[in-house]
Structures are given as C-alpha cells and as structure tokens.
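Student:
Numbering (our numbering), first residue to last: 11 to 315.
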C-alpha cells in the first residue's frame, strides 16, 4: 500500500476516533443524570408496591375481583408484550438483546396457541418489529434517552385500556435493568393483571418488607386517607402501573447511556490500535522506499565505476 493511501486511512480513523470519544463523553454525562433519576424513583416505587399490597389485603378478595386491573382473566388468549428499546443505535447489544428476548417469548406464547400483540418504545425496536411484520398496537418514540412521567402515563393508559376492554389478557414488559455502565440485564416482568405481578397475594409479610435502601429501625405509624381500603386501592392501582412503567423506562435509559458509553470506549480503543498498526505499516513502507533508493544510488555508482 502506498504511503499516501496509508496516511489517508490514518486520517480517516483519527476522525472516527474523535467522534467516538465525543460520543463517549456525552454518554457519560447523560449516564450520571439517568442514574440519579432511576435511583431516586426506586424508593418511591418500592413504597408504592408495599402500600398497594397493604390496601389490597385490607380490601379483601371480593373487592379485588371488582377491580378490573387486579382481576385475572379466565382465559389468557391474547398477551401484550412491551419492549423497551432505544431511539438510537451505537449501544452494543442493548437493543438486540431486548428484541431477542421479546421475540423468543412471543414464539413460546404462539406455540401455546396464544395471540401476541407488541407495544414498543424506541425507534430501533419499532423498525425491527415492523420489518418482521409483527402486530404493533402501540409505538412510542422520541423520548427513550430521557423519559418523563407523561411518557409512562401515555403507555400505561393504552395498556390499562386494552386490558380492561379485554383486548389483551396479560401484559409483560421487557427492559434493560441498569446494573453498572458495563452490565445491563434484560428483565421480564408481568405488569397486568396485578395479581400475577405479585402486587397482591396471600403473603402478608411481603407487604411489610423494607426497601433495600430504607433506613433500619422502628417504622412510623401511617394513616391513609381515604380510610376506605377499596377507595384507596382504586387510586393506587393506576398510579402503580404508571410508576412501574416509568421505572422500566428510567432503568432502560440509564442502561442505554451506559451501553453506549462502553461501546464508544471500545470503539475508541480499537481505533487507537488501528492507528498504531497503520503507522507501523507506513513506517515500514517509508523504510522500504528509502532502502530501495539507497540500493538504486549504490547500483548507479557501481555502474559508473
């Protein structure tokens, strides 16, 4: 390869490395904000789950059957799968592992004779499911890197409405749970019915379990208004569904930025290796040209003698 060609390749790789380094720094800054938002919601989500369980236990089995979101459908013929992906790529296996898990689950359900309907957030997931001719009942894009409560509320309203109208009998959510910038774990959770989501049940001890980051010590006495458990439950259930979705969206956002930061760091390191190898190749080519010129000079001098 000519020296000019090698120099051109080195310049191209250096430009790419500048871009990946910039994207890594941007993702690192966004990751810190996403981490703070996700971690600040966890105590509230855990407390809301415990409160919902306590209200459900106090309301009794009869009231649970009267709440459409709590009631388990007699037959689960149609299952809604919610896939939380990203609007952008360049994040390693972030999007592909969610799609793989969701499509695998869909194949399992379809083999059991059930109908699967997809709800997807993120352009990457929407485009992939559309390409595969999957039925999309809901697509939500433009916010995956910084989701808000209104985004979660929009999705929750669609899911609860479809569930109450018996259009779907079960809702499962797939999202990347944030562990660390290097580790994102695919999580599958049942969102509806809430009885299947372990929000209500016979185990009263679970309702009193403290959150992981809750201070130890005696618990404060809490009085709820309204004091009617059924009325309280009717208010808590929609809030719980929305907060559960918001938590999944925030965890996914933090995972997205962590995955992109790691991917761009790896790309920058690979670019540095390529530049090093190309520089060595250019030096060898230059040395070969110099050696060739010296040999030609020596040969010419000998011919004159």
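Note that CB positions come from ideal geometry on N, CA and C, so glycine has one too.
Whole angstroms is fine: what's the gap from residue 160's alpha carbon to residue 166's?
Tutor: 10 Å
Student: Tell me the DSSP secondary structure of residue 64 in three-state form.
Tutor: helix
Student: How would you write the range of the beta strand (DSSP E) that residue 163 sits in, first residue to last?
Tutor: No beta strand (DSSP E) contains residue 163, which is instead part of the alpha helix (DSSP H) from 159 to 174.
Student: Who are the Cβ neighbours of residue 183 in its own chain at under 6 Å, not counting the five residues just before and after it?
Tutor: 92, 199, 201 and 258
Student: With burial defined as no fewer than 16 other Cβ atoms inside 10 Å of the residue's Cβ, what is the status of residue 320: buried or exposed?
Tutor: Residue 320 falls outside the range modelled here, since the chain spans only 11 to 315, and no answer is possible.
Student: Mapping DSSP to helix, strand and coil, what is residue 148?
Tutor: strand
Student: Considering only the beta carbon of each residue, do residue 271 and residue 41 sit closer than 7 Å?
Tutor: yes
Student: Looking at residue 96: is its Cβ nearer than 7 Å to the Cβ of residue 154?
Tutor: yes
Student: For residue 89 and residue 113, which I take to be in contact (beta-carbon distance under 8 Å), what is that distance rounded to the nearest angstrom?
Tutor: Going by Cβ atoms, the distance from residue 89 to residue 113 rounds to 13 Å, so no, they are not a contact pair.
Student: Measuring alpha carbon to alpha carbon, tell me which of 32, 50, 128 and 260 ends up nearest residue 149.
Tutor: 128
Student: Taking the alpha carbon of residue 15 as the point to measure from, which residue in 283, 309 and 292 has its own alpha carbon closest?
Tutor: 292
Student: Use the C-beta contact count for residue 289: other C-beta atoms within 10 angstroms, 16 or more gives buried, fewer gives exposed.
Tutor: exposed
Student: Need the endpoints of the beta strand (DSSP E) that residue 186 sits in, please.
Tutor: 180 to 190 is the extent of the beta strand (DSSP E) around residue 186.
Student: Which residue marks the beginning of the beta strand (DSSP E) containing residue 297, and which one marks its end?
Tutor: In the DSSP assignment, residue 297 falls outside any beta strand (DSSP E) and lies within the alpha helix (DSSP H) extending over 239 to 314.
Student: Spatial neighbours of residue 169 within its chain, please: C-beta separation below 6 Å, excluding the five flanking residues on both sides.
Tutor: 181
Student: For residue 281, which residues in the same chain have their Cβ closer than 8 Å to its Cβ, ignoring the five residues on either side in sequence?
Tutor: 23, 24, 26, 27 and 30
Student: Within 7 Å of any Cβ in chain B, is that where the Cβ of residue 163 sits?
Tutor: Chain labels in this structure do not include chain B; a single protein chain is all it has.
Student: For residue 276, which residues of its own chain have a beta-carbon under 7 Å away from its beta-carbon, when the five flanking residues on both sides are left out?
Tutor: none
Student: Please report the residue range of the alpha helix (DSSP H) in which residue 118 lies.
Tutor: 104 to 121
Student: Give the DSSP bridge partners of residue 199, in chain order.
Tutor: 183
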